[in-house]
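Colleague:
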Amino acid sequence: MSINKVVDSAALAVADIPDAASIAVGGFGLCGNPMALITALLDAGARDLSIVSNNCGVDDWGLGLLLGAGRIRKMTSSYVGENKEFERRYLSGELELELTPQGSLAEKLRAGGSGIAAFFTQTGVGTQVADGGLPQRYHPDGSIAVASAAKQTQEFEVNGRMREFVLEPAISTDFALVHALRGDRHGNLVFNKSARNFSPLAAMAGRVCIAEVEELVEPGQIDPDAVHLPGVYVHRVVEVGGDIEKRIERRTVRTGAQGAN
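Residue numbers (this note's numbering): 1 to 261.
See below:
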């Protein structure tokens, strides 16, 4: 029996994402951003979204497009330093932020996709990550409206020493959006180098995963050993082609005598 998960367009792929949906989105900086799906979601008009992603793009690209249009209610991220609109909305009380250590964010997504409710980690012990008090939302006057709650901690013996760990809940979302280099009609995906980043983990965490692929191939054309994400995690596939725009967050070059060997 053949399972064909291909849909005709990005617009059709995201058409049922409702207001107030939670969405895990792949990408690191601007690398691996599912731009066709983000743009289609922007055009669809869904609002009050709760987004889980390493960062929120920049002001005019990536998730920054949704943010600038006022479509995002909450971000769960590990890095927010490249987006001025993000700073403005967060400090003015228009945006809620759950700031999460990067490794913990990755593991929370993986755990959510693996059916694991929570896990213990040493990351964040002795800080506001564990103790609570991190500002998640501000009042317009700059006072804290919502602060993070304290998390459960517990000691475990590790290599003969008792160490303290903090309990981190897993993350699962209503939808996931990812970009892949190649995919087949069954949803098996291959990511390109560092564009792999958070994408497999975000895909695992979404109850409905939508993948845009640069190249669509037939089942069997991807070597099983080359598959980065099995199709069991993917529900819809959209071919976007290889000529899509891919921006660089910061380009640094040397010119003149500095660049000469």
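Where is the CB? At the ideal position from N, CA and C, for every residue including glycine.
Would you decide whether His139 is buried or exposed? Buried here means 16 or more other CB atoms lie within 10 Å of its CB.
Modeller: As a working mapping, residue 139 is identified with position 139 in the sequence shown. Exposed, by the Cβ-count rule.
Colleague: Among residues of its own chain, excluding the 5 on either side of Glu155, which ones have a beta-carbon nearer than 8 Å to its beta-carbon?
Modeller: In the sequence shown, the residue the question calls residue 155 occupies position 155. Met162, Arg163, Glu164, Phe165, listed in sequence order.
Colleague: Name the two residues that bound the continuous beta strand (DSSP E) containing Glu157.
Modeller: As a working mapping, residue 157 is identified with position 157 in the sequence shown. Looking at the DSSP string, the run of the beta strand (DSSP E) that includes Glu157 is 153-158.
Colleague: Under a three-way DSSP split, which group does Ala176 fall into?
Modeller: On the sequence shown, position 176 is the one that residue 176 refers to. It is a strand residue.
Colleague: Can you give me the C-alpha to C-alpha distance between Ser172 and Ala202, rounded to a whole angstrom?
Modeller: Counting from 1 along the sequence shown, the entry for residue 172 is found at position 172. Counting from 1 along the sequence shown, the entry for residue 202 is found at position 202. Their backbone Cα atoms lie some 9 Å apart in a straight line.
Colleague: In this structure, does DSSP put Arg250 in helix, strand or coil?
Modeller: Within the sequence shown, numbered from 1, the residue matching residue 250 stands at position 250. Three-state result, Arg250: coil.
Colleague: Our contact map puts Leu95 next to Met75 with C-beta atoms below 8 Å; I'd like the distance itself, whole angstroms only.
Modeller: Taking the sequence shown and counting its residues from 1, the one referred to as residue 95 is at position 95. Taking the sequence shown and counting its residues from 1, the one referred to as residue 75 is at position 75. Correct: roughly 7 Å between the Cβ atoms.
Colleague: Nearest to Leu189 by alpha carbon, out of Ala149, Pro169, Pro230, Asp174?
Modeller: Looking up residue 189 in the sequence shown gives position 189. Here the closest residue by C-alpha is Pro230.
Colleague: When we look at the beta-carbon of Ser194 and count the other beta-carbons within 10 Å, is it buried (16 or more) or exposed?
Modeller: By 1-based counting over the sequence shown, the position of residue 194 is 194. It is exposed - the Cβ of Ser194 has fewer than 16 other Cβ atoms within 10 Å.
Colleague: Inspect the CB distances between the stretch 26-33 and the stretch 51-66 and report whether three or more fall short of 8 Å.
Modeller: yes
Colleague: Where DSSP assigns a beta bridge to Thr76, which residues make up the other side?
Modeller: Residue mapping note: residue 76 aligns to position 76 of the sequence shown, counting from 1. In the DSSP output, where bridge partners are listed per residue, Thr76 has Val52, Glu98.
Colleague: Tell me, to the nearest whole angstrom, how far the beta carbon of Glu249 is from that of Glu87; I am working on the premise that it is less than 8 Å.
Modeller: If you number the sequence shown from 1, residue 249 lands on position 249. If you number the sequence shown from 1, residue 87 lands on position 87. At roughly 16 Å, the Cβ-Cβ gap does not stay under 8 Å, so Glu249 and Glu87 are not in contact.
Colleague: Indicate whether Gly242 and Glu218 have their beta-carbon atoms separated by less than 8 Å.
Modeller: As a position in the sequence shown, residue 242 is number 242, starting the count at 1. As a position in the sequence shown, residue 218 is number 218, starting the count at 1. Cβ distance not < 8 Å, so Gly242 and Glu218 don't count as in contact.
Colleague: On a Cα-Cα basis, can you pick out the residue from Tyr233, Val80, Ser199, Glu212 that is closest to Glu107?
Modeller: Counted from its first residue, the sequence shown places residue 107 at position 107. Of the listed residues, the one whose Cα sits closest to Glu107 is Ser199.
Colleague: In this structure, does DSSP put Gln136 in helix, strand or coil?
Modeller: Within the sequence shown, numbered from 1, the residue matching residue 136 stands at position 136. Gln136: strand per DSSP, three-state reduction.
Colleague: To the nearest angstrom, how far is the alpha carbon of Ala260 from that of Val253?
Modeller: In the sequence shown, counting from the first residue as 1, residue 260 sits at position 260. In the sequence shown, counting from the first residue as 1, residue 253 sits at position 253. Legend: pLDDT at Ala260 = 45, less than 50; position of this residue unreliable, value from coordinates given subsequently. Going from the Cα of Ala260 to the Cα of Val253 covers about 12 Å.
Colleague: Using the Cα positions of Pro18 and Arg47, report the straight-line distance between them to the nearest angstrom.
Modeller: Translated into the one-based positions of the sequence shown, residue 18 becomes position 18. Translated into the one-based positions of the sequence shown, residue 47 becomes position 47. Rounded to whole angstroms, Pro18 to Arg47 spans 8 Å at the Cα level.
Colleague: Where does Arg185 fall in DSSP's three states?
Modeller: Counting from 1 along the sequence shown, the entry for residue 185 is found at position 185. The answer is coil: DSSP assigns Arg185 none of H, G, I, E or B.
Colleague: Per DSSP, what kind of secondary structure is Pro200 in: helix, strand or coil?
Modeller: Along the sequence shown, one-based indexing puts residue 200 at 200. Three-state DSSP puts Pro200 in a helix.
Colleague: With DSSP collapsed to three states, give me the class of Phe292.
Modeller: For the chain, the structure presents residues 1 to 261; residue 292 sits outside this window and is missing.
Colleague: Is Ala10 helix, strand or coil when you go by DSSP?
Modeller: As a working note, residue 10 is residue 10 in the sequence shown. Reduced to three states, the DSSP call for Ala10 is helix.
Colleague: Excluding sequence positions up to five away, which residues of its chain have a Cβ less than 8 Å from the Cβ of Thr39?
Modeller: Within the sequence shown, numbered from 1, the residue matching residue 39 stands at position 39. Here the set comprises Ala10, Leu65.
Colleague: CB-CB under 8 Å to Ile244, same chain, minus the five flanking residues each way: which ones, in chain order?
Modeller: In the sequence shown, residue 244 corresponds to position 244, counting from 1. Same-chain partners within the cutoff: Met35, Ala36, Glu214.
Colleague: Take Met1 and list the residues in its own chain whose beta-carbon comes closer than 7 Å to its own, dropping the five residues that flank it on each side.
Modeller: Within the sequence shown, the letter at position 1 stands for residue 1. Unreliable placement is indicated for Met1, whose pLDDT of 45 sits below 50; the coordinate value is still reported in the next sentence. Here the set comprises nothing.
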